[in-house]
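J.: One structure follows; several queries about it will come next.
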Amino acid sequence: MSNPHIRHLLDLIKEQNKAIEKLIAERDGMRQEIAALVGWIQEDRDALMALQQIYNSPTADEASRIKAAAAAIGYERASPPRS
Numbered sequence: 115m116s117n118p119h120i121r122h123l124l125d126l127i128k129e130q131n132k133a134i135e136k137l138i139a140e141r142d143g144m145r146q147e148i149a150a151l152v153g154w155i156q157e158d159r160d161a162l163m164a165l166q167q168i169y170n171s172p173t174a175d176e177a178s179r180i181k182a183a184a185a186a187i188g189y190e191r192a193s194p195p196r197s
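Written out as structure tokens, the structure reads:
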């Protein structure tokens with residue numbers, strides 16, 4: 115095999131490894147989210163606590179953390195009274 119061909123194959127392997135790492139991180143985030151929801155069901159916790167666990171988790175992926183924070187924000191603090 116020629117040098118450029120080997121380089122091309124090595125670059126392809128590197129790209130595949132990056133894609134695999136991304137998929138593994140996404141899988142781990144989903145597992146964390148599922149674990150939080152299962153914990154919520156088993157431990158008689160409320161939905162807000164489950165959402166807080168997800169968005170505070172360092173292992174959850176960024177998209178899951180943002181979704182959980184967005185879903186929880188309306189319930190974390192009382193809304194100011196309307197005039």
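If you want the numbering used here, it's the 1-based position in the sequence shown plus 114.
Glycine is no exception: its CB is placed at the ideal position from the N, C-alpha and C atoms.
Everything numeric in this text was worked out from a predicted model, so none of it was measured.
(1) Tell me whether R191 sits in a helix, a strand or coil according to DSSP, three-state version.
(2) My output table needs one value for E176: the three-state DSSP class, helix, strand or coil.
(3) For A133, does the count of other Cβ atoms within 10 angstroms reach 16, so buried, or fall short, so exposed?
(4) Within 10 angstroms of the Cβ of A177, are there 16 or more other Cβ atoms? Answer buried if so, exposed if not.
(5) Between I180 and A164, what straight-line distance do the alpha-carbon atoms span, to the nearest angstrom?
(6) If you measure between the beta carbons of A182 and Q166, is that distance less than 9 Å?
T.: Walking through what the data contain:
(1) coil
(2) In the three-state DSSP reduction, E176 falls in the helix class (H, G or I).
(3) exposed
(4) exposed
(5) 14 Å
(6) yes
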